[in-house]
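In the working numbering, the protein residues as written are 17 to 199.
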């Protein structure tokens, strides 16, 4: 189960997490910036790739809400994208949300609701361009992200992520990414 937890967390990274030999390790990435904002982390790291330094920055949150033996988790990564940001949300395959059960709220009113099939079943849930910009702004301005679902083990879950610190994490991420020429 620990290996499964590690693999899920490593698979969630915005760039390949394997070392240069394909092993499931962080490899030779060196963290150059890390700051915590409640649940959220603003992180930048780098490594040499051939003759060039490769840098990346991201906001992340990995919520392991069910420990062994019925491990289950959700994650979110925000990375610089060609048109602003790229937002990736994830859960395990087999996750099944109730109707409107994956939503961002302010004053208990939905500001954004996931509609992509992958966002509701543990599949691919990636936003770029205009969709990512809207979601990113919602994350910065809303109070909470609410999840109502059955996890991959069939256990009913009702989780809430506090978004109050997200705006500060986004400000830090944007400044650090800009300082490295990534935005």
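By construction, the Cβ of each residue, glycine as well, lies at the ideal position given by its N, Cα and C atoms.
Of the candidates 185, 65, 140, the residue whose Cα lies closest to the Cα of residue 155 is 185. Collapsing the DSSP output to three states places residue 87 in coil.
A contact is defined here as three or more CB-CB pairs under 8 Å, and the stretch 87 to 97 meets this definition with respect to the stretch 154 to 171. With fewer than 16 other beta carbons inside 10 angstroms of its own, residue 140 counts as exposed.
Straight through space, the alpha carbons of residue 90 and residue 79 are spaced by roughly 5 Å. Between the alpha carbons of residue 101 and residue 197 lies a gap of roughly 14 Å. In the DSSP assignment, residue 51 falls within the beta strand (DSSP E) that extends over 46 to 53. Proximity of the stretch 129 to 149 to the stretch 170 to 178 falls short of the contact definition, fewer than three beta-carbon pairs being nearer than 8 Å. In this structure, the beta-carbon distance from residue 159 to residue 180 falls below 8 Å. Separation of the CB atoms of residue 167 and residue 82 is rounded to 6 Å, and the pair is thereby assigned contact status at 8 Å. Counting along the chain, the unbroken beta strand (DSSP E) around residue 78 starts and ends at 68 to 82.
The DSSP-derived three-state label of residue 114 is strand. Counting only the Cα atoms, residue 61 lies some 4 Å from residue 47.
Secondary structure of residue 127 (DSSP, three-state): strand. Per DSSP, the unbroken beta strand (DSSP E) holding residue 58 starts and ends at 56 to 65.
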